[in-house]
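A.B. asks: Residue numbers (the numbering used here), protein chains in the order written: chain A, 20 to 262; chain B, 334 to 730. Glycine residues also receive a C-beta, built at the ideal position from the N, C-alpha and C atoms. Structure provided below as structure tokens; questions to follow.
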Ligand SMILES: Nc1ncnc2c1ncn2[C@@H]1O[C@H](COP(=O)(O)OP(=O)(O)O)[C@@H](O)[C@H]1O
Ligand SMILES: [Mg+2]
């Protein structure tokens, strides 16, 4: 083998991080086809989310925000267009690789929390780590504990979701998203089921995550105040981006 | 992941309890059915202890005239024995091979110990020549037994084991409940499973008693003869035998049929309840299977959101299917374990006198069947679970 003097490509400088695309949607189209109706949920959406950004998405109900998030989260496939993660088109991923990307890179937060009621808070937070090969149960436990500390719920590990308030449940869901140390958090109306005080707590958590850990956050919200706290606001109307 | 499954199942113990009970119940039904099947097969494989081929059973109906009956009987036997094509003739009680009639007694004692419930057969010196019981110790009855003061008996190994344990049975004296010595064992035969191919190996005793005085021959007694004939004998010999009997006895009726026919008839009758039971339990099992299937189906529909969530957190479709199969495997194992504990009481308590290996085999068989059953029932629902679209199931709530 011959050695050449070509230098290795330089690692991107930290300052340029904000301009590195994390997620790219190119000409995305999503059509839901049922027996009788055809719904165009997304129409030619072009969108780039950069690493470290906090983006909020607003728009009337039914305009396709949730659809957009599930496409970004690789939970569904677009009927047209290309999604790129870290510069690689998602269409080339196998089912197994998709699951791996979801597990390692993406954290989900839902309006209705989606906690498993028959699992304790700690077991719920451990869930994403369960699908991570080669992690010891001790490490799982530790990371789940840390994530719960981060959201201020370390005293509630043995509780079950039904014993918690709405705000606490959403914090558990955030801890679950954090436990896997994702690069991007996709939050679909995370404060939609909470009163304003609890909603603000959740918003503060997401903001600090973004600032302190550099986690990319994409959040769907109906709350103008919250949307204005983020660095970028995208408005949707009827399946298309309007601003 | 396995610990996770146990946690899930434990936390859902209330709903799983029903499922486990259902599995426990079906395990038990399967265990009972397989015990029956296995023990029937086990019996079937045991030596019959006698030969029924080329043996004919002759049922004689004497006329109203009771004079000289004993002489006529003896004459009849002699004439039959002398008939060409006949190998040997024995006169016995009505509990012939494959007959429904049976004689059961526990009148025998040995050193104050009461014997087991025993099948008793009337026999004579020639019976062994006809039925070819396999004598494993001592001898069959002989002419010299006429001189014996106690009535000679031959027992089977099952009786010898129950009565004398490891001691040799030959020469042992049996008494009645008052301790009066009446019988002496002269020989031991291997077995005598004459009821049907599926009968167990019960204790049996043969008494040499046919050549007794006429008092034994009451007017309603219908003599039964067993005749061993040359292989290949047919209708010609049959007619000849009937004619000989009529000639000697001046008109007694006789009906001849082969033991082979009796065996087939008996087999049909013994198999009927077994088949009926099999059919009933088959329906039961189908019912259980549908129940399991329904519960699993319901479970999966209840847990669609959970499935979507797990997919979002990094589970593959196959992983989801595997999780549901795994949960079912654990639940089934819990049900089967409970069932085994219950079923093990049968051999431990020794009820029904079925040998332990039969129970062990039946337990194994039932366990295998249950696993196959639940695997079949869990397969389709698990596939459905694996195919659930995460985006769709997550928005359903
Ligand atoms: N699985 C589906 N099948 C058919 N139509 C769907 C499905 N999911 C969403 N839609 C339709 O797509 C459109 C966008 O839905 P959604 O993304 O949930 O909007 P939003 O989150 O902005 O309220 C709506 O008209 C909705 O009815
Ligand atoms: Mg929505």
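Have a look at residue 176 of chain A and residue 345 of chain B and give me their C-alpha separation to the nearest angstrom.
C.D. replies: Whole-angstrom Cα-Cα distance: 18 Å.
A.B. asks: Which residues in chain B have a C-beta closer than 9 Å to the C-beta of residue 133 of chain A? List them in chain order.
C.D. replies: Those within 9 Å of residue 133 of chain A in chain B are 638, 639, 641, 642, 645, 727 and 730.
A.B. asks: What residue ranges within the region 168-242 of chain A form continuous beta strand (DSSP E) runs of no fewer than 3 residues, ordered along the chain?
C.D. replies: Whole beta strand (DSSP E) segments, 3+ residues: 203-207 and 235-239.
A.B. asks: Can you grab the Cα-Cα spacing for the pair residue 28 of chain A / residue 39 of chain A, in whole Å?
C.D. replies: Note that residue 28 of chain A scores 44 on pLDDT, short of 50, meaning its location in the model is unreliable and no value can be drawn from it.
A.B. asks: Could you name the residues of chain A that residue 658 of chain B contacts, counting a contact when the two beta carbons are closer than 8 Å?
C.D. replies: Ordered by position in chain A, no residue passes the 8 Å Cβ test against residue 658 of chain B, which lies about 17 Å from the chain.
A.B. asks: Quick check: does the Cβ of residue 113 of chain A come within less than 7 Å of any heavy atom belonging to ligand 1?
C.D. replies: Checking the Cβ of residue 113 of chain A against ligand 1 gives no.
A.B. asks: Can you tell which of B/701, B/522 and B/368 has its C-alpha closest to the C-alpha of residue 666 of chain B?
C.D. replies: With distances taken between Cα atoms, residue 666 of chain B lies closest to B/701.
A.B. asks: Taking the Cβ atom as the reference point for each residue, do residue 201 of chain A and residue 102 of chain A lie within a distance shorter than 8 Å?
C.D. replies: Cβ atoms of residue 201 of chain A and residue 102 of chain A: not closer than 8 Å.
A.B. asks: Could you check if residue 49 of chain A belongs to the surroundings of ligand 2, using beta carbon to heavy atom distance under 7 Å?
C.D. replies: False, no ligand heavy atom lies under 7 Å from that Cβ.
A.B. asks: Run through the DSSP bridge pairs and tell me what residue 471 of chain B is partnered with.
C.D. replies: Answer is B/520.
A.B. asks: Taking 7 Å as the line, does the beta carbon of residue 728 of chain B fall inside it for any heavy atom of ligand 1?
C.D. replies: Residue 728 of chain B Cβ: within cutoff of ligand 1.
A.B. asks: Rounding to the nearest angstrom, what Cα-Cα distance links residue 440 of chain B and residue 448 of chain B in this structure?
C.D. replies: Whole-angstrom Cα-Cα distance: 7 Å.
A.B. asks: Short check: CB of residue 70 of chain A to CB of residue 235 of chain A, under 8 Å?
C.D. replies: In contact: residue 70 of chain A and residue 235 of chain A (Cβ atoms closer than 8 Å).
A.B. asks: Consider the Cβ of residue 142 of chain A: report whether some Cβ of chain C lies at a distance smaller than 8 Å.
C.D. replies: In the structure shown, chain C cannot be found, because the protein chains are A and B.
A.B. asks: Can residue 248 of chain A be considered in contact with ligand 2, in the sense that its beta carbon sits closer than 7 Å to one or more heavy atoms?
C.D. replies: Checking every heavy atom of ligand 2 against the Cβ of residue 248 of chain A, none is found closer than 7 Å.
A.B. asks: Identify which residue in A/48, A/226 and A/219 has its Cα closest to the Cα of residue 242 of chain A.
C.D. replies: Comparing Cα positions, the closest option is A/219.
A.B. asks: In chain order, which continuous runs of the beta strand (DSSP E) of length 3 or greater are located wholly inside the region 80-140 of chain A?
C.D. replies: Listed in chain order, the complete beta strand (DSSP E) runs (minimum 3 residues) inside the region 80-140 of chain A are 99-104 and 125-128.
A.B. asks: Classify residue 409 of chain B as buried or exposed, calling it buried when 16 or more other Cβ atoms lie within 10 Å of its own Cβ.
C.D. replies: So residue 409 of chain B ends up on the buried side.
A.B. asks: Return yes when the C-beta of residue 720 of chain B is under 7 Å from any heavy atom of ligand 1, and no when it is not.
C.D. replies: It does not: the Cβ of residue 720 of chain B is nowhere closer than 7 Å to a heavy atom of ligand 1.
A.B. asks: Using the three-state DSSP reduction, which class does residue 529 of chain B fall into: helix, strand or coil?
C.D. replies: Three-state result, residue 529 of chain B: coil.
A.B. asks: Against chain A, which members of the region 523-535 of chain B pass a CB distance test of less than 9 Å?
C.D. replies: Against chain A - using a Cβ distance shorter than 9 Å - the region 523-535 of chain B contributes no residues.
A.B. asks: In angstroms, rounded to a whole number, what distance separates the CA positions of residue 51 of chain A and residue 62 of chain A?
C.D. replies: Going from the Cα of residue 51 of chain A to the Cα of residue 62 of chain A covers about 12 Å.
A.B. asks: Are the C-beta atoms of residue 716 of chain B and some chain A residue less than 8 Å apart?
C.D. replies: Closer than 8 Å: no.
A.B. asks: Report the rounded CA-to-CA distance for residue 396 of chain B versus residue 588 of chain B, giving the unit in angstroms.
C.D. replies: Their Cα atoms are separated by approximately 14 Å.
A.B. asks: For residue 342 of chain B and residue 663 of chain B, what's the separation of their Cα atoms in angstroms?
C.D. replies: Taking the straight line from one Cα to the other gives about 8 Å.
A.B. asks: Buried or exposed: residue 247 of chain A, going by 16 or more other Cβ atoms within 10 Å of its Cβ?
C.D. replies: Looking at its Cβ environment, which holds fewer than 16 other Cβ atoms inside 10 Å, residue 247 of chain A is exposed.
A.B. asks: Using DSSP bridges, identify the partner residues of residue 44 of chain A.
C.D. replies: Looking at the DSSP assignment, residue 44 of chain A forms a beta bridge with A/66 and A/102.
A.B. asks: So if DSSP puts residue 75 of chain A in a beta bridge, which residue, or which two residues, is it bridged to?
C.D. replies: DSSP lists A/238 and A/252 as partners of residue 75 of chain A.
A.B. asks: Who are residue 259 of chain A's beta bridge partners in DSSP?
C.D. replies: Paired residues: A/256.
A.B. asks: Please list the partners that residue 209 of chain A has in chain B, where partner means a Cβ-to-Cβ separation under 9 Å.
C.D. replies: Going along chain B, no residue has its Cβ under 9 Å from residue 209 of chain A, so there is no contact; the nearest lies around 14 Å.
A.B. asks: Between residue 44 of chain A and chain B, is there a C-beta pair that is closer than 8 Å?
C.D. replies: No, residue 44 of chain A does not count as interfacial toward chain B.
A.B. asks: Does the beta-carbon of residue 70 of chain A, which I'm using as the reference point, lie nearer than 7 Å to any heavy atom of ligand 2?
C.D. replies: Residue 70 of chain A: no, Cβ never under 7 Å from ligand 2.
A.B. asks: Residues of chain A with CB closer than 7 Å to the CB of residue 349 of chain B, please, in chain order.
C.D. replies: Here the premise fails: no neighbours, minimum Cβ distance about 10 Å.
A.B. asks: State the beta-bridge partners of residue 447 of chain B as determined by DSSP.
C.D. replies: Beta-bridge pairing links residue 447 of chain B to B/442.
A.B. asks: Tell me whether residue 597 of chain B is buried or exposed, calling it buried when 16 or more other Cβ atoms sit within 10 Å of its Cβ.
C.D. replies: Exposed is the call here.
A.B. asks: State the CB to CB distance for the pair residue 671 of chain B and residue 696 of chain B, rounded to an integer number of angstroms; the pair is presumed to be in contact (CB under 8 Å).
C.D. replies: No, residue 671 of chain B and residue 696 of chain B are not in contact; Cβ-Cβ is about 12 Å, not under 8 Å.
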